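Sequences listed follow chains A and B, in order.
Per this note's numbering, residue 183 is the first one in the first sequence, and the count goes up by one each step.
Per this note's numbering, residue 57 is the first one in the second sequence, and the count goes up by one each step.
Glycine residues also receive a C-beta, built at the ideal position from the N, C-alpha and C atoms.
All figures in this text were calculated on a predicted structure; none of them were measured in a lab.
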Amino acid sequence: MRERVAITGIGVVSPIGIGRAEYTDGLRAGRSGTAHITAFDCDGFDTRIAAEVDDRRFDAGAWVEPRKMVKHMSRSAAFAVAAAAMARRDAGLGSEDVDPYRIAVSLGAGGMGPVDLDLLSGQATAAIRSARGQASDELDVPAFAREFRARTNPISMLRGLPNLAAAHLAIQQGARGPNNTITTACSAGTQAIGEGMRAIQRGDADVVFAGGTDAMINPVGVLGFSMLGTLSRRNDDPARASRPFDCDRDGFVIGEGAAVVVLERESVAAARGARVLAELAGYGCTCDAWRITDERPDAEAAVHAMRRCLDDAGASTSDVDYINAHGTGTRMNDLTESRAVHALFGPGSAVPPMSSTKSMIGHLLAAAGAAEAAATVFAMDAGFLPPTINVDSPDPECDIDCVPNVARVARVDAALSNSFGFGGQNACLLIRRW
Amino acid sequence: MSPDPQVVASELLDPVRGIISEVLLVPRDMVSAESSLMDELGAESIDFLDMIFRIEDIVGRRIPVSRWYEFVEERLHGANLAQAITTAVMVEFAERERALASR
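What follows is the structure in structure tokens.
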């Protein structure tokens with residue numbers, strides 16, 4: 183019989199709170215993390231709102247030893263390192279408790295290339311200066327290279343590689359076991375946690391720092407998603423823009439941050455007397471193999487992922503008390519996702535309450551699945567269902583109980599946490615009371 | 057080892073100390089001419105890339121990092137580099153590059 187996988191600690195850096203206590207309070211209070219973008223001048227942008235981490239309250243250097251390594255970290259790497267440190271502290275995991283080669287890292291990450299604003303500015307300025315006086319639109323590459331070389335610090339190029347967030351995490355935590363970065367965007371965080379569980383089940387690790395991180399609130403990130411037509415344009419009322427399952431939803435709000443959970447083999451957790459938050463009981467993953475952004479209308483692959491997850495946990499739909507939705511707030515996702523859960527539970531079976539954390543924290547992209555799994559665990563532990571906020575009129579086509587606006591006191595013994603990403607990746611976790 | 061009088065007199069000593077202090081995030085008064093950058097001040101290889109980039113500004117010339125490695129090999133051949141690469145060595149390199157730039 184397979185040993186259980188325990189969740190023994192969680193760390194979060196989010197737009198509604200840093201650390202477990204603040205984040206849980208924020209979820210319970212239905213706090214919105216969305217506001218007008220402060221990270222850069224977004225004048226003229228169609229979308230001028232986002233869910234930012236409060237830089238006045240987040241100091242990357244406080245989590246890094248030696249402090250100078252912060253210079254080599256992208257914003258998302260810094261988030262991940264902080265979340266992992268908080269998770270370890272939450273787990274009470276000491277340095278002698280586990281062989282370092284048995285501590286693995288499985289992290290969802292994104293942001294390929296230099297996306298942090300200062301790196302982007304260097305590239306853009308180089309391009310502009312080299313283009314001055316050019317008659318055509320063609321890039322004068324040698325001139326661009328001279329300008330770029332003159333103004334770009336070589337070490338800044340290290341910040342752009344997505345695998346380095348997990349590398350920094352491993353350095354800070356002394357984790358010498360398998361180290362993997364998962365780049366499936368919106369479902370990366372969920373998949374990273376699922377794959378972390380598999381590493382323990384395979385016998386490759388006893389402890390895994392698993393989660394996700396992302397920081398795409400920069401001109402390229404906001405423009406990119408905006409041009410794809412996926413972002414809310416409720417610029418006049420930012421706090422109320424993210425409204426999954428609502429009739430007037432108009433897209434998602436980009437968020438940023440990181441969440442890391444400590445997964446631990448049952449026997450190792452027991453040996454050190456660890457306090458267990460919950461069991462990570464099941465994981466299912468499929469791909470729509472359909473279109474590059476549109477979901478399968480029948481949501482068949484999403485249903486399959488959830489079913490696989492339940493089977494993996496030895497559970498059935500009747501065991502599920504709550505679903506943490508992908509719930510981006512786009513017109514298509516929320517409808518398709520609702521169809522999927524109705525198909526999973528079958529006609530005549532009531533779908534349990536299903537709410538979207540993205541209504542509060544925004545879409546954390548590669549960190550979303552991890553931040554939402556964290557929300558699910560915290561809520562289970564604290565005895566409430568996180569709400570979907572900004573629901574003025576629930577969309578009847580979705581036909582679900584989205585826990586509108588106000589957190590609800592409830593005992594949850596088992597919950598599904600879903601992520602359905604761009605590219606059709608569907609990932610699902612089952613979190614169960616220990 | 058007493059500091060090389062040429063280095064102590066060099067007007068580049070202070071700017072180079074400033075660069076080392078910024079790159080390694082150590083207080084400026086911890087950076088003396090004899091401080092070993094790796095052993096004492098914690099530099100790793102990418103920190104040298106950062107330092108050379110900043111030295112380019114004071115020298116007024118692009119410095120391919122290979123020139124630094126060649127200089128170290130020539131000047132400190134056989135030495136324990138973790139100890140031997142000091143602020144003074146960096147100053148000497150900067151002086152040499154500046155002389156080349158003004159030709």
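If you draw a straight line from the alpha carbon of S158 of chain B to that of R123 of chain B, how long is it in whole angstroms? Going by the C-alpha atoms only, they are around 17 Å apart.
Beta-carbon spacing of D432 of chain A, R415 of chain A below 8 Å: In this structure, D432 of chain A places its C-beta atom within 8 Å of the C-beta atom of R415 of chain A.
When you compare each of A:S520, A:I543, A:M542, A:S538 to D532 of chain A by their alpha carbons, which one comes out closest? It is Ala, not Asp, that sits at residue 532 of chain A in the sequence shown. Distance check between A532 of chain A and each of A:S520, A:I543, A:M542, A:S538 places A:S520 closest, using alpha-carbon atoms only.
Taking just the CA atoms, how far does H545 of chain A sit from F434 of chain A? Roughly 7 Å between the two C-alpha positions.
If contacts are defined as beta-carbon pairs under 8 Å, then W472 of chain A and G385 of chain A qualify, I think. What distance do you get, rounded to the angstrom? Not really, about 35 Å apart at Cβ, beyond 8 Å.
Would you verify that the beta carbon of H254 of chain A is, or is not, closer than 8 Å to some beta carbon of chain B? The beta carbon of H254 of chain A falls within 8 Å of a beta carbon belonging to chain B, placing the residue at that interface.
Under 7 Å between beta-carbons, which chain B residues line up against N335 of chain A? List them in chain order, please. Correct list: D106, F109.
Since F104 of chain B is in the alpha helix (DSSP H), which residue starts that stretch and which ends it? Per DSSP, F104 of chain B belongs to the alpha helix (DSSP H) from 101 to 115.
Run the CB neighbour count on E100 of chain B, radius 10 Å, all protein chains shown included, and call it buried at 16 or more, exposed below. Flag for E100 of chain B reads exposed.
Would you report the Cα separation of A267 of chain A and C491 of chain A, rounded to the nearest angstrom? If I take the Cα positions, the gap works out to 29 Å.
Please state the DSSP three-state secondary structure of E90 of chain B. Note: E90 of chain B maps to coil in three-state DSSP.
Inter-residue spacing [alpha-carbon to alpha-carbon] between S408 of chain A and E320 of chain A: About 26 Å.
Assign H508 of chain A to one of three DSSP states: helix, strand, or coil. Three-state DSSP puts H508 of chain A in coil, outside helix and strand.
Just tell me which of A:G378, A:V323, A:R341 has its CA closest to the CA of S256 of chain A. The candidate whose alpha carbon is nearest that of S256 of chain A is A:R341.
Residues of chain B with CB closer than 7 Å to the CB of P180 of chain A, please, in chain order. Residue 180 of chain A lies beyond the range of chain A shown here (183 to 616); nothing can be said about it.
Pairing CB atoms from the region 222 to 238 of chain A with CB atoms from the region 437 to 457 of chain A, are three or more of them under 8 Å? Touching, yes.
Beta bridge counterpart(s) of M536 of chain A as assigned by DSSP: Looking at the DSSP assignment, M536 of chain A forms a beta bridge with A:I505.
Quick check on this structure: which residue in B:A155, B:R154, B:E148 has the alpha carbon closest to the alpha carbon of M60 of chain B? Residue identity check: residue 60 of chain B is Asp in the sequence provided, not Met. Ranking the options by Cα distance to D60 of chain B, first place goes to B:E148.
Have a look at G243 of chain A and T558 of chain A and give me their C-alpha separation to the nearest angstrom. Rounded to whole angstroms, G243 of chain A to T558 of chain A spans 29 Å at the Cα level.
Under 6 Å Cβ to Cβ from N362 of chain A, same chain only, skipping five residues before and after it: list those, please. Leaving aside the five residues that flank N362 of chain A on each side, the residues in its chain whose CB is nearer than 6 Å to its CB run, in chain order, S288.
C-beta contact flag for C610 of chain A and A487 of chain A at 8 Å: At the C-beta level, C610 of chain A and A487 of chain A come within 8 Å of one another.
Which two residues bound the contiguous alpha helix (DSSP H) that contains F560 of chain A? F560 of chain A -> alpha helix (DSSP H) spans 550 to 564.
Beta-ladder partner(s) of E438 of chain A, from DSSP: Partner(s): A:A397.
Take P535 of chain A as the anchor and find which of A:R213, A:G551, A:P576 has the nearest alpha-carbon. Selected option, being the one with the closest Cα: A:P576.
Are there 16 or more other CB atoms within 10 angstroms of the CB of N600 of chain A, so buried, or fewer, so exposed? By the neighbour-count rule (16 or more Cβ atoms within 10 Å), N600 of chain A is buried.
Which ranges would you report for the beta strand (DSSP E) in the region 428 to 496 of chain A if only whole runs of at least 3 residues count? DSSP runs (the beta strand (DSSP E)) wholly in the region 428 to 496 of chain A: 438 to 447, 460 to 469.
So, L97 of chain B versus S91 of chain B, is the Cβ gap smaller than 8 Å? Closer than 8 Å, so yes.
In the DSSP assignment, what residue or residues form a beta bridge with G191 of chain A? Paired residue(s): A:V444.
Please confirm whether C580 of chain A and L526 of chain A have their CB atoms less than 8 Å apart. Between C580 of chain A and L526 of chain A, the gap from beta carbon to beta carbon reaches 8 Å or more.
Helix, strand or coil for F602 of chain A per DSSP? The answer is strand: DSSP assigns F602 of chain A an E or B state.
According to a CB-to-CB cut-off of less than 8 Å, which residues of the region 324 to 351 of chain A neighbour chain B? Close to chain B, meaning a Cβ-Cβ distance shorter than 8 Å, are the following residues of the region 324 to 351 of chain A: R331, A332, N335, P336, I337, L340.
Hey, out of A:S424, A:V187, A:P401, A:T307, whose CA is closest to R213 of chain A's CA? Checking every option, the nearest Cα to that of R213 of chain A belongs to A:S424.
Starting from the beta carbon of R102 of chain B, find every residue of chain A whose beta carbon is closer than 9 Å, and list them in chain order. In the sequence as presented, Arg is not what sits at residue 102 of chain B; that position holds Ile. Taking a Cβ-Cβ threshold of 9 Å, the residues of chain A close to I102 of chain B are H254, P336, I337, L340, in chain order.
Going along chain A, which residues have a C-beta under 7 Å from L68 of chain B? The premise fails here: L68 of chain B is roughly 20 Å from chain A at the closest Cβ pair, so nothing lies under 7 Å.
I571 of chain A - containing beta strand (DSSP E), residue span: Counting along the chain, I571 of chain A falls outside any beta strand (DSSP E), and DSSP gives it neither H nor E.
Looking only at its chain, what residues have a beta carbon closer than 6 Å to the beta carbon of I111 of chain B, apart from the 5 residues adjacent to it on each side? Within the same chain, I111 of chain B has close Cβ partners A150.
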